[in-house]
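Report on the following structure.
Numbering (my numbering), first residue to last: 174 to 378.
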């Protein structure tokens, strides 16, 4: 299989970024202690259909945060809040970073394919340094469409000018894996149980 792959498309959160444990983001663990804010209340206000609009670039995350702050009376600096969020949500998988470096010495191209809004995508690229580790970052907030939509995968293959059957998605969400397979891609489902085997297989390039 590996000899037939031209591009590996890495998912970010849950794959390259080990920020999810038991389907829960690590950064929420210290949220209430650090900020003195109820996580439940924050999540109820933030993670609605409006947040989905952030993911496809129709809303700015800071504007959504501003509306939450106005509604709840949060007095803090919103830019500092966003930076806190992004920093606490950054948990790069160092084994995968080493694998990515190894793969740069092969014929395989590497990209990121992620559901993230524009602000966090810039943080991933610049502050976390992934801009220099992959050819490009395909982010839903820039594309106007998110996984598992078929249009997401069509956009990527057209942009890269690579046949679908020579694309390999590494993703932790089963619905994204199934959609990629439906579009003719190859795909590996990245989970705590498959992580080591996937690293071993990809390391054999």
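For glycine and all other residues, C-beta sits at the position ideal for the given N, C-alpha and C.
Quantities reported herein were computed from a predicted structural model and do not represent experimental measurements.
| request: Check each candidate in 352, 344, 234, 370 and name the one with the smallest Cα separation from residue 256. | output: 234
| said: Please state the DSSP three-state secondary structure of residue 212. | reply: helix
| said: Quick check on this structure: which residue in 187, 247, 192, 353 has the alpha carbon closest to the alpha carbon of residue 261? | reply: 192
| If residue 302 and residue 229 are in contact, beta carbons under 8 Å, what's the gap, nearest whole angstrom? | About 25 Å separates the two Cβ atoms, so there is no contact after all.
| message | Taking the alpha helix (DSSP H) that residue 344 belongs to, which residues open and close that run? | response | Element bounds for residue 344: not the alpha helix (DSSP H) but the beta strand (DSSP E), 340 to 344.
| request: Check each candidate in 194, 342, 239, 339 and name the one with the smallest Cα separation from residue 264. | output: 194
| In chain order, what residues of the same chain lie with their CB nearer than 6 Å to the CB of residue 316, ignoring the 5 residues before and after it? | 328
| request: Could you round the C-beta distance between residue 237 and residue 223 to whole angstroms and report it? I think they count as a contact, below 8 Å. | output: 6 Å
| Just the Cα atoms here: how many angstroms apart are residue 246 and residue 240? | 10 Å
| If we call anything under 9 Å between Cβ atoms a contact, is residue 179 one with residue 310? | no
| said: Can you tell me where the alpha helix (DSSP H) holding residue 253 begins and where it ends? | reply: 251 to 261
| request: With residue 319 as the anchor, note down where its beta strand (DSSP E) starts and where it stops. | output: No beta strand (DSSP E) contains residue 319, which DSSP labels as neither H nor E.
| field | Distance between beta carbons of residue 272 and residue 343, contact taken as under 8 Å | value | With a Cβ gap of about 10 Å, residue 343 and residue 272 do not count as contacting.
| query | Sorted by chain position, which residues of the same chain lie with C-beta nearer than 6 Å to residue 292's C-beta, five sequence neighbours on each side aside? | reply | 234
| Assigned secondary structure, residue 361 (DSSP; H/G/I helix, E/B strand, else coil) | strand
| If you drop the 5 nearest sequence neighbours on each side, which residues of the same chain put their C-beta closer than 6 Å to that of residue 361? | 343, 371
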